[in-house]
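Residue numbers (this note's numbering), protein chains in the order written: chain A, 71 to 578; chain B, 123 to 821.
Okay, so here's the structure we're looking at.
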């Protein structure tokens with residue numbers, strides 16, 4: 071279905087433009103409410119359009135920009151982009167609400183440190199630009215469009231870390247900026263090499279509503295593999311897979327916590343989506359031949375991220391390494407090159423968004439309510455004092471380890487079913503089983519060891535003075551958790567359309 | 123829609139939700155939670171009746187949920203599922219009633235009832251599910267509930283721990299807090315579940331369906347290609363890995379031991395009567411299908427046999443190995459926990475042997491009937507133990523003694539259950555255990571059979587030892603103290619009735635077994651999914667086998683009686699403590715063959731070391747160092763050095779000095795030529811001309 075007016079594009083751009091006026095809003099409450107409303111626009115549009123079609127057919131904007139050498143710019147909401155768009159809409163809106171009490175605390179803290187960051191208006195302006203740019207990236211249909219929105223998402227997130235982050239925030243912000251640009255650059259080089267040779271940058275035809283499958287075959291044979299690899303490397307850096315993961319723990323641990331809750335599940339997972347939507351679509355053959363190596367890399371990332379998470383004492387850093395490990399699950403699912411595995415990976419984006427958003431906001435609750443408490447070894451016995459926070463954290467860990475009744479169960483099942491396919495096909499059943507045992511064992515271990523160290527056991531010094539968090543912090547978390555639990559009951563709404571789209575895509 | 127089938131598993135879930143919603147209402151919440159269990163229990167009866175009276179002996183109904191994965195919300199109730207559901211639902215209900223009193227005044231009751239009912243719903247879902255994923259959902263749900271209930275008292279007070287506080291084996295602490303035990307249970311069982319789900323994925327890959335009856339029907343589709351590539355054996359092991367872990371078979375047994383930190387009602391329900399049987403149920407459900415594979419696909423037979431032999435061996439070993447640990451245990455609940463794992467080993471032995479003998483249904487029934495009889499007497503034992511621990515305020519049997527005087531009904535109940543566990547005729551436990559030893563013998567595998575026989579003696583010994591120490595032994599200091607203060611009394615009715623009635627059931631069913639047994643067994647086996655030929659079970663006693671097993675029971679019980687009830691025996695017990703070799707053997711058993719310690723020293727510490735060292739030396743030093751130290755450093759060095767050694771001396775020098783100087787030199791040289799004298803110019807001109815001419819001539 072092609073929309074009569076570019077609703078998707080407008081829902082992304084209008085909040086972005088209006089947000090430019092936010093620095094002039096002096097009252098923090100007003101700025102916050104305007105922001106929540108602005109973010110609710112793309113969320114509502116995406117949910118409404120998904121509900122209208124039940125995702126049975128793709129929905130695209132009319133082409134709103136076209137150029138003979140660049141191709142057509144449009145926006146696409148289909149069964150593949152919807153899980154991401156809905157997750158981004160949900161998390162950014164809820165965390166904007168959560169930001170009110172949290173940033174209140176952060177501003178106070180920074181005032182005590184005698185630093186004067188830009189005020190509420192600037193915070194929310196950057197927050198909205200970051201959030202809507204992510205939405206734009208996911209909905210794009212053209213490489214240049216994708217790249218532009220990605221760039222727009224990077225700058226505000228860079229500034230958010232530099233202005234409001236923890237530790238050596240300026241250095242870490244810079245590090246984040248450079249790293250993500252290294253990734254973006256590799257992606258851009260690949261894109262330019264492809265686009266300039268074949269004469270279009272589209273990866274999806276927004277007029278006929280079809281992916282441009284195998285577009286890369288128009289390249290000279292000698293170039294195909296290197297262009298595909300450049301694009302893959304760019305996405306791997308963004309996804310922070312093993313080897314190029316090292317920027318992530320810095321950025322995600324030291325960003326202001328609401329921004330961590332956006333960076334960690336939402337931003338990096340987009341690269342996983344792009345692996346399917348862009349890398350596979352453009353280079354199906356090259357992708358399939360590289361897939362076994364990517365599967366290995368994914369398994370390595372799961373295990374490595376899990377091992378590193380286990381060594382952390384800082385809760386936010388642990389979550390950051392956990393995100394590395396979780397990206398391994400996405401990569402593994404995608405590298406099976408099966409509809410099941412890919413659907414599992416996209417669904418896991420949503421499960422991880424719910425789970426990791428809950429966990430980062432839990433970290434934020436402890437920081438805001440217990441005087442900047444981040445060290446796990448100083449926690450313990452918090453559950454009797456903060457039962458709701460503990461329950462929300464448990465639901466978060468259940469999402470990332472795939473325990474019912476959480477959406478994570480379905481994504482894990484789909485990914486592992488895909489892996490079983492690949493394992494039989496590659497004749498590597500036993501080694502893959504062993505690696506999965508280690509990987510999933512580690513994920514379960516670091517999750518529930520942390521749960522125990524934080525919330526159970528005898529009362530720690532910190533727990534003595536603890537009490538349940540303010541409801542303004544907890545309410546947005548409860549809503550996120552509820553969405554995860556409800557989606558557990560109705561996963562078919564996402565799985566069914568995804569499976570049919572992916573089956574068609576993989577069949578060529 | 124079949125109301126009974128759905129209400130059996132769905133109503134407990136609703137009860138769980140209601141318990142959460144009514145959390146402010148105290149007793150009302152508790153009553154509602156138990157009522158939900160009652161509805162489930164009473165629904166399971168008409169459900170079973172319907173199954174047994176239908177011509178196909180099956181109730182199968184499903185509604186699509188995730189069509190592309192063939193996941194349905196559906197039930198497939200054959201006699202196996204029907205009987206199992208009946209047992210689970212009724213035990214849950216009885217233990218729910220017991221909990222109502224036992225958990226009174228606990229501060230975490232909302233959480234308790236939520237997870238209790240959630241567990242029952244999940245357990246029944248896994249029993250009744252008509253497709254693999256729904257079964258897996260229930261399976262995982264029971265794991266979550268088990269995790270939460272084991273760690274119910276997560277503030278980890280010393281008195282809630284399992285093991286002797288301060289005791290270490292090979293330097294590894296041997297006492298476990300509730301939160302630690304919950305974690306162990308979750309991690310151990312999830313390891314197995316990875317294999318389970320990978321197996322489900324493999325089946326789906328070959329058959330394109332997750333429906334359990336369809337997988338039985340299209341057995342060739344998956345068995346043939348797997349058998350051909352030699353993957354069938356690894357596949358069967360992976361697929362059943364979840365069952366091994368859930369049923370605490372070696373090497374996954376450790377979690378069940380420490381699961382005893384949970385409230386005793388939970389130990390009775392989850393860690394004795396139902397959840398740990400899920401692994402056995404899994405084998406009951408799927409081993410007939412594996413047998414079909416062996417029959418229909420020629421290449422599959424050896425691999426299927428190898429699988430069953432593995433199951434028998436692991437089961438037999440677990441039975442023996444866990445029983446040895448029960449011999450020396452001092453905590454009442456630990457004795458029962460070891461015993462549970464050991465009895466589960468018997469069931470695995472039965473099902474493993476089933477696949478190796480001529481009459482598969484005989485082994486199937488041996489496993490199934492032992493599952494039922496064990497569920498009944500072990501639940502009774504645990505519930506009674508809960509009452510006793512509550513009464514004497516200590517978990518150690520050494521702090522009991524002489525209780526027969528003060529808790530007569532509990533003594534009666536416990537004595538019956540102990541006799542049943544020991545396999546004394548004519549109790550229920552005797553019949554089911556005897557069949558297991560019979561099929562183990564028939565399987566032709568010597569080792570598992572020997573394990574089975576020896577374990578019979580060990581079981582009789584530790585059961586009677588427990589009974590003597592708690593009830594018949596001289597009163598301990600603790601008991602005397604309690605009696606003086608009038609604190610020791612019989613359990614209240616709401617607690618007593620459930621375990622007494624279970625013990626009596628174990629007795630009565632045993633007594634009438636020769637009469638009702640054949641009919642009952644027939645209803646349990648015929649028309650079970652995958653068992654196609656009709657089987658006519660009969661109750662018979664092989665005299666040689668009977669003599670063997672009764673001798674074993676007599677040896678076990680006799681030894682226990684001699685050691686703990688006679689003066690000379692007690693001296694022997696004392697002298698064991700003084701003998702170095704025997705004492706170290708006792709420690710070896712008491713510290714669980716040091717396997718827990720080895721797990722911690724090798725696996726846990728190994729991973730922790732890799733994690734810490736990897737973080738410190740690889741992630742921080744090498745990776746982080748490479749990108750964020752080495753690359754900036756090398757860039758900076760290159761820049762400084764380049765500036766000092768290249769930019770300044772070479773480039774700068776060349777352009778701004780050397781070239782300038784060169785030009786200056788050339789200039790001055792040219793200037794020297796410009797002497798201003800005509801004859802000099804002429805000379806040069808002529809010389810040049812000559813050179814050009816020579817060049818031209820030459821070329």
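Just so you know, even glycine gets a beta-carbon here, dropped at the ideal spot from N, CA and C.
Interface partners of residue 503 of chain A on chain B, CB under 7 Å: As a first step, residue 503 of chain A is located in the first chain; it is residue number 433 there, counting from the start. Ordered by position in chain B, the residues that pass the 7 Å Cβ test against residue 503 of chain A are 317, 320, 360.
Interface partners of residue 302 of chain B on chain A, CB under 9 Å: As a position in the second chain, residue 302 of chain B is number 180, starting the count at 1. Around residue 302 of chain B, the beta-carbon contacts reaching into chain A at under 9 Å are 522, 526, 527.
Given residue 559 of chain B as reference, the closest of B:811, B:707, B:751, B:468 once Cα atoms are compared: The count along the second chain starts at 1 and reaches residue 559 of chain B at position 437. Here the closest residue by C-alpha is B:468.
Under 9 Å (Cβ pairs) to chain B, residues found in the stretch 425–449 of chain A: For chain B, none of the residues of the stretch 425–449 of chain A brings a beta carbon within less than 9 Å of one of its beta carbons.
According to DSSP, residues forming a beta bridge with residue 295 of chain B: Within the second chain, the letter at position 173 stands for residue 295 of chain B. B:290.
CB of residue 198 of chain B within 9 Å of CB of residue 181 of chain B, strictly: Start at 1 with the first residue of the second chain, and residue 198 of chain B comes out as number 76. Start at 1 with the first residue of the second chain, and residue 181 of chain B comes out as number 59. With respect to the 9 Å criterion, residue 198 of chain B and residue 181 of chain B are classified as neighbours on the basis of their beta carbons.
In DSSP terms, what residue 72 of chain A is bridged to: As a first step, residue 72 of chain A must be located in the first chain, where it is residue number 2. DSSP lists A:130 as partners of residue 72 of chain A.
Pair within 9 Å by beta-carbon distance, residue 426 of chain A and residue 334 of chain A: Locating residue 426 of chain A in the first chain gives position 356, counting from the first residue. Locating residue 334 of chain A in the first chain gives position 264, counting from the first residue. The criterion of a C-beta distance shorter than 9 Å is satisfied by residue 426 of chain A and residue 334 of chain A.
Where residue 266 of chain B meets chain A, residues with beta-carbon distance less than 9 Å: As a working mapping, residue 266 of chain B is identified with position 144 in the second chain. One finds 468, 473, 474, 475 in chain A with Cβ atoms closer than 9 Å to the Cβ of residue 266 of chain B, taken in chain order.
Coil, strand or helix - residue 275 of chain B by DSSP: Locating residue 275 of chain B in the second chain gives position 153, counting from the first residue. If DSSP states are grouped into helix, strand and coil, residue 275 of chain B belongs with coil.
Secondary structure of residue 194 of chain B, DSSP reduced to three states: Within the second chain, residue 194 of chain B is the residue found at index 72, counting from 1. In the three-state DSSP reduction, residue 194 of chain B falls in the strand class (E or B).
Residue span of the beta strand (DSSP E) that contains residue 152 of chain B, given as start and end: In the second chain, residue 152 of chain B corresponds to position 30, counting from 1. Where residue 152 of chain B is concerned, there is no enclosing beta strand (DSSP E), although the alpha helix (DSSP H) it sits in stretches over 149–175.
Which listed residue (B:522, B:428, B:445, B:448) has its alpha carbon closest to that of residue 478 of chain B: Looking up residue 478 of chain B in the second chain gives position 356. Closest by alpha carbon: B:428.
Three-way DSSP call (helix, strand, coil) for residue 236 of chain A in this model: Residue mapping note: residue 236 of chain A aligns to position 166 of the first chain, counting from 1. Correct three-state label for residue 236 of chain A: coil.
Residues within the stretch 141–156 of chain A neighbouring chain B, beta-carbon criterion of under 9 Å: Legend: CB atoms of the stretch 141–156 of chain A lying less than 9 Å from CB atoms of chain B are not found in any residue.
Three-state class that DSSP yields for residue 523 of chain B in the structure shown: Looking up residue 523 of chain B in the second chain gives position 401. Residue 523 of chain B: coil per DSSP, three-state reduction.
Residues within the stretch 739–757 of chain B neighbouring chain A, beta-carbon criterion of under 8 Å: Correct list: 741, 745, 746, 749, 750.
Buried versus exposed call for residue 142 of chain A [16 or more other C-beta atoms within 10 Å across all chains shown]: Stepping through the first chain from its first residue, residue 142 of chain A is reached at position 72. So residue 142 of chain A counts as buried.
Inter-residue spacing [alpha-carbon to alpha-carbon] between residue 347 of chain B and residue 488 of chain A: Taking the first residue of the second chain as position 1, residue 347 of chain B is located at position 225. Taking the first residue of the first chain as position 1, residue 488 of chain A is located at position 418. When rounded, the distance between both Cα atoms is 18 Å.
Any C-beta of chain A under 9 Å from that of residue 313 of chain B: As a first step, residue 313 of chain B is located in the second chain; it is residue number 191 there, counting from the start. Taking 9 Å as the threshold, the shortest C-beta distance from residue 313 of chain B to chain A falls below it.
Residue 397 of chain A classed as buried or exposed, judged by whether at least 16 other C-beta atoms fall within 10 angstroms: Numbered from its first residue, the first chain carries residue 397 of chain A at position 327. It counts as buried.
Option in B:569, B:508, B:632, B:604 with minimal Cα separation from residue 545 of chain B: Reading the second chain from its first residue, position 423 is the one you call residue 545 of chain B. When each option's Cα is compared against that of residue 545 of chain B, the closest is B:632.
Contact check, residue 406 of chain B vs residue 486 of chain B, beta carbons under 9 Å: Counted from its first residue, the second chain places residue 406 of chain B at position 284. Counted from its first residue, the second chain places residue 486 of chain B at position 364. Between residue 406 of chain B and residue 486 of chain B, the gap from beta carbon to beta carbon is short of 9 Å.
Paired residues, beta bridge with residue 251 of chain B - DSSP: For the purposes of this step, residue 251 of chain B is identified with residue 129 of the second chain, where counting begins at 1. Answer is B:197.
Secondary structure of residue 305 of chain A, DSSP reduced to three states: Reading the first chain from its first residue, position 235 is the one you call residue 305 of chain A. In the displayed model, residue 305 of chain A falls within a helix according to three-state DSSP.
Beta carbon proximity, residue 277 of chain B to chain A, threshold 9 Å: By 1-based counting over the second chain, the position of residue 277 of chain B is 155. In terms of beta-carbon proximity, residue 277 of chain B lines the interface with chain A, with at least one pair separated by less than 9 Å.
9 Å Cβ cutoff, residue 184 of chain B in contact with chain A: Within the second chain, the letter at position 62 stands for residue 184 of chain B. For residue 184 of chain B, no Cβ of chain A is located within less than 9 Å of the residue's own Cβ.
Cβ shell of residue 571 of chain A (< 7 Å), same chain only, five flanking positions each side left out: Stepping through the first chain from its first residue, residue 571 of chain A is reached at position 501. Hits under 7 Å: 148, 149, 150.
Residues that residue 284 of chain B bridges to, as DSSP identifies them: The count along the second chain starts at 1 and reaches residue 284 of chain B at position 162. Residue 284 of chain B pairs with B:298.
C-alpha distance - residue 365 of chain A paired with residue 401 of chain A, whole-angstrom precision: Sequence index remark: in the first chain, residue 365 of chain A carries index 295 (1-based). Sequence index remark: in the first chain, residue 401 of chain A carries index 331 (1-based). When the Cα atoms are used, residue 365 of chain A and residue 401 of chain A turn out to be separated by approximately 7 Å.
The stretch 232–255 of chain A: positions lying closer than 9 Å to chain B by Cβ: Correct list: 245, 249.
Three CB pairs or more closer than 8 Å across the stretch 229–237 of chain A and the stretch 262–274 of chain A: Taking one beta carbon from each stretch, the stretch 229–237 of chain A and the stretch 262–274 of chain A have fewer than 3 pairs nearer than 8 Å; the two do not touch.
C-beta atoms of residue 494 of chain A and residue 324 of chain B nearer than 9 Å: Taking the first residue of the first chain as position 1, residue 494 of chain A is located at position 424. Taking the first residue of the second chain as position 1, residue 324 of chain B is located at position 202. Yes; because the gap between Cβ atoms is below 9 Å, this pair is in contact.
Start and end residues, alpha helix (DSSP H) containing residue 573 of chain B: Counting from 1 along the second chain, the entry for residue 573 of chain B is found at position 451. Counting along the chain, the unbroken alpha helix (DSSP H) around residue 573 of chain B starts and ends at 568–589.
Under 9 Å by beta carbon: chain B residues contacting residue 338 of chain A: Counted from its first residue, the first chain places residue 338 of chain A at position 268. Those do not exist, as residue 338 of chain A stays about 17 Å from chain B at its closest Cβ, beyond 9 Å.
Assigned secondary structure, residue 494 of chain A (DSSP; H/G/I helix, E/B strand, else coil): Residue numbering aside, residue 494 of chain A sits at position 424 when the first chain is read from its first letter. DSSP places residue 494 of chain A in helix when its eight states are reduced to three.
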